[in-house]
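Engineer: Sharing a structure, written as structure tokens. Questions coming.
Protein chains in written order, with the working numbering: chain A, 1 to 346; chain B, 1001 to 1296.
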């Protein structure tokens, strides 16, 4: 049903050796402009096991999209500067790849669904062509075969294949997002990054798109990273969750750990700012204050200023990672005190 | 499965369908159709000029007996001071104007569009250097630049076209770069990179098609301007030399008789005006028809 990428024997060997679909260590991304340096991502480690869906949660500007773009080496340099101990995608260090090798991996092994379906399609190209080009770029397929596969992809995402010869502006937002998904999945990538795939859609379409993604994931065993700030979407889709704040991961664990055994004060704040279905008249408790300016980050914990538990030490130094036996990690200085716990947990 | 097959048949004819759709849209525009018919007639006239008139006898051959005859039944456009039929001369002149306009614009596109695209797409220092050079180039008014080049290269039809083409390059480079810049930061460019498209592929399949309309419109407008510039240069004696019946040269030769025989100036001037106008009408119509967003 899908096209199988023409991967050299060497690449296959590399892939077999890597246990992780994505293995990133100490990723830092900053944007240098003439007036300031924006520290977008400040040292994150990320391991994505094969077949697992990882949710990355955090508010706007936390560095979610930037860190994902750097996985595909899609950050514009300049102004962007990407540094990392390593970025292994499917066992390949993407930082060391040439432009041509990158082109071979993008779309074929790692693909991306973009946030805004209104702008992520080429307005002067028919949707069928846009799906088929991804197939044609990664293998010697005739135009006719590629178009045939594109039509099937459309059918898979629930759009009549007869609409393959229409332009993006003739589609609704939800349909365009489904076209985006069809493009991303056309080459059956092993890793799929979905950057807020449902943010621009209304709720009914959201449910459809999520259902579709989940279905495709179980069918093809794709490893997936889902960027979102919707905790409901996370609960529905993800096996593991990483919470990001000001360019750092502050808490990471399984879905159950994050939702039921919350450790970090910021995660607690996120849950508190959700409406409570059992007590509909209760007022929401938003986190006071704003995220610090990424061009001017504090020396200590970036969340300290908004944190109800902040102590003197929080302002002085960066919190270190603390990993529990069950694999649940938290980056918070308060946990040096073994007795410390947040209110939600108690 | 039936639907899949049907849609594949559809997609096989994608190219044809697109051309057909553009044509359907274009046909609705009355002005554009008038422009197209006139332009087509002019091209036909230019191509078949040699079959209608004999260059040696009808176009440049003198006939002193019939000199300075006003427009009438025998000579529809009248005759000039050497007794040459103005209809033959103006008709034959279509050939020069159209060739000069088309060749100079095509050459300008050929050089200017790659310069502008690479500057806009690559950006950075390369962009700065290239565009400052283009700026330096366009400080000199284009007519002055053309005059300078024709003077250096010598007056001939070919040199005239080269000079016009060179003065056209900065305009295409600028307009291309500007439209590339509006396109290149769109999310669909990023998504094209994410499916593994190379820079060259992105430029040819994504950037240029999305910048096509302004370039096309500029090209047609520029063709009109270049025809006028060529006529102007011939008028001041720097273009095509007499007795070649280039419209500007005809105007120049007729200006001394403007009181006794105004028709001598009228017909070449009218020819220039109609040509430039019809080409511009076609360009406008094409722009509307090619924009997929306007399609209903």
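Glycine included, C-beta positions come from ideal geometry on N, C-alpha and C.
1. List the residues of chain B that residue 111 of chain A touches, going by C-beta distances under 8 Å, in chain order.
2. So residue 1246 of chain B and residue 1093 of chain B are supposed to be a Cβ contact under 8 Å. How far apart are they, rounded?
3. So, at 6 Å on beta carbons, what are the nonlocal neighbours of residue 82 of chain A in its own chain, with the 5 sequence-adjacent residues on each side left out?
4. DSSP state of residue 1075 of chain B, grouped into three classes?
5. Would you give the residue range spanned by the beta strand (DSSP E) that residue 49 of chain A belongs to?
6. Is there contact here, the region 1266-1282 of chain B with the region 1087-1104 of chain B, by at least three beta-carbon pairs under 8 Å?
7. Locate the beta strand (DSSP E) running through residue 28 of chain A, then write down its first and last residues.
8. Going by DSSP, what residue range makes up the alpha helix (DSSP H) through residue 306 of chain A?
9. Report the residue from A/67, A/32, A/38 and A/49 whose alpha carbon sits nearest the alpha carbon of residue 249 of chain A.
10. Using three-state DSSP, classify residue 183 of chain A as helix, strand or coil.
11. When you compare only the Cα positions, how much space is there between residue 255 of chain A and residue 1177 of chain B?
12. Report yes or no: is there a C-beta of chain B within less than 8 Å of the C-beta of residue 38 of chain A?
13. Quick one: give me the first and last residue of the alpha helix (DSSP H) that residue 1058 of chain B is part of.
14. Count the other C-beta atoms from every protein chain shown that fall within 10 angstroms of the C-beta of residue 86 of chain A, then say buried if there are 16 or more, exposed otherwise.
15. Is it buried or exposed, residue 222 of chain A, if we count other Cβ atoms within 10 angstroms and call 16 or more buried?
16. At 9 Å on the CB atoms, spell out the chain B contacts of residue 122 of chain A, in chain order.
17. Counting Cβ pairs closer than 8 Å, one from the region 102-113 of chain A and one from the region 189-209 of chain A, do we hit at least three?
18. How about residue 1014 of chain B: is its C-beta nearer than 8 Å to some C-beta of chain A?
19. Is residue 80 of chain A close to chain B? Criterion is C-beta to C-beta, closer than 8 Å.
20. Determine the DSSP secondary structure at residue 138 of chain A, reduced to helix, strand or coil.
21. So which of A/118, A/171, A/115 and A/183 has the shortest CA-CA distance to residue 353 of chain A?
22. What are the residues that DSSP puts in a beta bridge with residue 240 of chain A?
23. Between the Cα of residue 21 of chain A and those of A/197, A/276, A/94 and A/59, spot the shortest distance and give me the residue it belongs to.
24. When the Cβ atoms of the region 1187-1198 of chain B are set against those of the region 98-106 of chain A, are three or more pairs found closer than 8 Å?
25. Are the CB atoms of residue 1155 of chain B and residue 1241 of chain B within a distance shorter than 8 Å?
26. Are at least three pairs of beta-carbons, each pair with one atom in the region 26-42 of chain A and one in the region 209-229 of chain A, less than 8 Å apart?
27. For residue 331 of chain A versus residue 320 of chain A, is the C-beta distance shorter than 8 Å?
28. Considering Cα atoms alone, identify which of A/342, A/267, A/328 and A/289 is closest to residue 58 of chain A.
29. In terms of residue numbering, what span does the alpha helix (DSSP H) encompassing residue 1182 of chain B cover?
30. Need the endpoints of the alpha helix (DSSP H) that residue 1228 of chain B sits in, please.
31. Any Cβ of chain B within less than 8 Å of the Cβ of residue 183 of chain A?
32. Against chain A, does residue 1286 of chain B count as a neighbour if the rule is that its beta carbon must be under 8 Å from one of theirs?
33. Please report the distance separating the alpha-carbon of residue 1007 of chain B from that of residue 1184 of chain B.
34. Just the Cα atoms here: how many angstroms apart are residue 236 of chain A and residue 175 of chain A?
35. Does any residue of chain B bring its CB to less than 8 Å from the CB of residue 175 of chain A?
36. I want to know whether the region 1270-1289 of chain B touches the region 1032-1045 of chain B - three or more CB-CB distances under 8 Å.
Structural biologist: Taking the definition as stated:
1. 1194 and 1195
2. 6 Å
3. 29, 70 and 75
4. coil
5. 37-49
6. yes
7. 20-32
8. Neither: residue 306 of chain A is in no alpha helix (DSSP H) and is coded neither H nor E.
9. A/67
10. helix
11. 48 Å
12. no
13. That residue, residue 1058 of chain B, is in no alpha helix (DSSP H); it is neither H nor E in DSSP.
14. exposed
15. buried
16. 1186, 1188, 1189, 1191, 1192, 1205, 1206, 1209 and 1210
17. yes
18. Confidence is the limiting factor: at residue 1014 of chain B the pLDDT is only 48, short of 50, which leaves the residue's position unreliable, though a coordinate-based value still follows. Judged by the 8 Å Cβ criterion, residue 1014 of chain B is in contact with chain A.
19. no
20. coil
21. Residue numbering for chain A in the displayed model covers 1 to 346; residue 353 of chain A lies beyond these limits and cannot be assessed.
22. A/54 and A/254
23. A/94
24. yes
25. yes
26. no
27. yes
28. A/267
29. 1157-1184
30. 1208-1235
31. yes
32. no
33. Because the pLDDT at residue 1007 of chain B is just 42, under 50, the model does not fix this residue reliably, and the value given afterwards should be weighed accordingly. If I take the Cα positions, the gap works out to 31 Å.
34. 21 Å
35. no
36. yes
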